[in-house]
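Enquirer:
This is the structure in structure tokens:
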């Protein structure tokens, strides 16, 4: 049965960090899916130019190798390109037979390019004929939290994407921000002070280790939430 990709999002209002992700509805390798299917969980939208690309093949193999960790973070992975379902199936079958890797997450066939248009990820490198190599992290409220773009010739760093997810969740859970190359288990940074009293108090207090009034480190509080807890350092 034919299933056209649909959208109700204004293509003149492309998504940015902090905005609601554009609605999508499409046919995937695991059946019909919509953005609303992922409400209440986090999602990694992993767009790529074409099936059977050596770069994309290496990325998907590494994504699958890290799939259990992503599931532990309660983040779902969804691939997307403008290829057909038949092409997707043939490519996944080839990956399984050639690399002994079974891709467990769905791939959307955005043959109409409508989803790619609405997400602003059609590739200028390819005269808008394919999706660019892009990653969007979408939270459980369907809000875009991170957008990353890569050249078609350059593979993405899956471990860095996972680090980004952990950093965002840690920031949310601890009302804090993370420094350059923050890793799980490390100290986080306090939010900038909102007034003079706060600035002076944190420098003198015991809860922070401050280099100066605007740069204060703090330990991560232990959380009992089921979602990812950065208090437990990665092995």
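Numbering (my numbering), first residue to last: 18 to 252.
Backbone N, C-alpha and C fix where the C-beta goes; we use that ideal spot for every residue, glycine too.
Bear in mind that the values here come from a model prediction, so they are computed numbers and not experimental data.
(1) Per DSSP, what kind of secondary structure is residue 195 in: helix, strand or coil?
(2) Between 49, 235, 185 and 187, which has its C-alpha nearest residue 209's C-alpha?
(3) Could you give the residue range of the alpha helix (DSSP H) that holds residue 109?
(4) Are the beta-carbon atoms of residue 113 and residue 172 separated by less than 7 Å?
(5) Using a Cβ-Cβ cut-off of 8 Å (strictly less than) and excluding sequence neighbours within five positions of residue 224, which residues of its own chain qualify?
(6) Take residue 105 as the anchor and find which of 126, 87 and 117 has the nearest alpha-carbon.
(7) If I'm right that residue 59 touches residue 156 with Cβ under 8 Å, what's the distance once you round it to whole angstroms?
(8) Look at the Cβ atom of residue 31, then the Cβ atom of residue 137, and state whether they are nearer than 7 Å.
(9) Could you have a look at residue 167 and say whether DSSP puts it in helix, strand or coil?
(10) Among 78, 139 and 146, which residue has its Cα nearest to the Cα of residue 116?
(11) Beta-carbon within less than 6 Å of residue 199's beta-carbon, same chain only, minus the 5 sequence neighbours each way: which residues are those?
(12) I'd like the ranges of any beta strand (DSSP E) spanning at least 3 consecutive residues and lying wholly in the stretch 126-173.
(13) Between which two residues does the alpha helix (DSSP H) carrying residue 79 extend?
(14) Would you mind sorting residue 140 into buried or exposed? The rule is 16 or more other CB atoms within 10 Å of its CB.
(15) What number of angstroms, rounded off, separates the C-alpha of residue 73 from the C-alpha of residue 88?
(16) Among the candidates 212, 197, 178 and 226, whose CA atom is the shortest distance from the CA of residue 92?
(17) Using a 10 Å radius around the Cβ and a threshold of 16 neighbouring Cβ atoms, would you call residue 51 buried or exposed?
(18) Within the continuous alpha helix (DSSP H) that includes residue 216, where are the two ends?
(19) Alpha carbon to alpha carbon, how far is residue 146 from residue 167?
(20) Please return the same chain residues whose Cβ sits closer than 8 Å to the Cβ of residue 84, not counting the five positions on each side in sequence.
(21) Measuring straight from C-alpha to C-alpha, what distance separates residue 190 and residue 237?
(22) Can you tell me which of the three DSSP states residue 98 falls into?
(23) Distance check for residue 41 and residue 132, CA to CA, integer angstroms please.
Expert: On the basis of the data shown:
(1) coil
(2) 235
(3) 102-116
(4) no
(5) 235
(6) 126
(7) 5 Å
(8) yes
(9) strand
(10) 78
(11) 184
(12) 150-155 and 161-167
(13) 71-82
(14) buried
(15) 21 Å
(16) 178
(17) exposed
(18) 213-221
(19) 16 Å
(20) 94, 121 and 122
(21) 9 Å
(22) strand
(23) 6 Å
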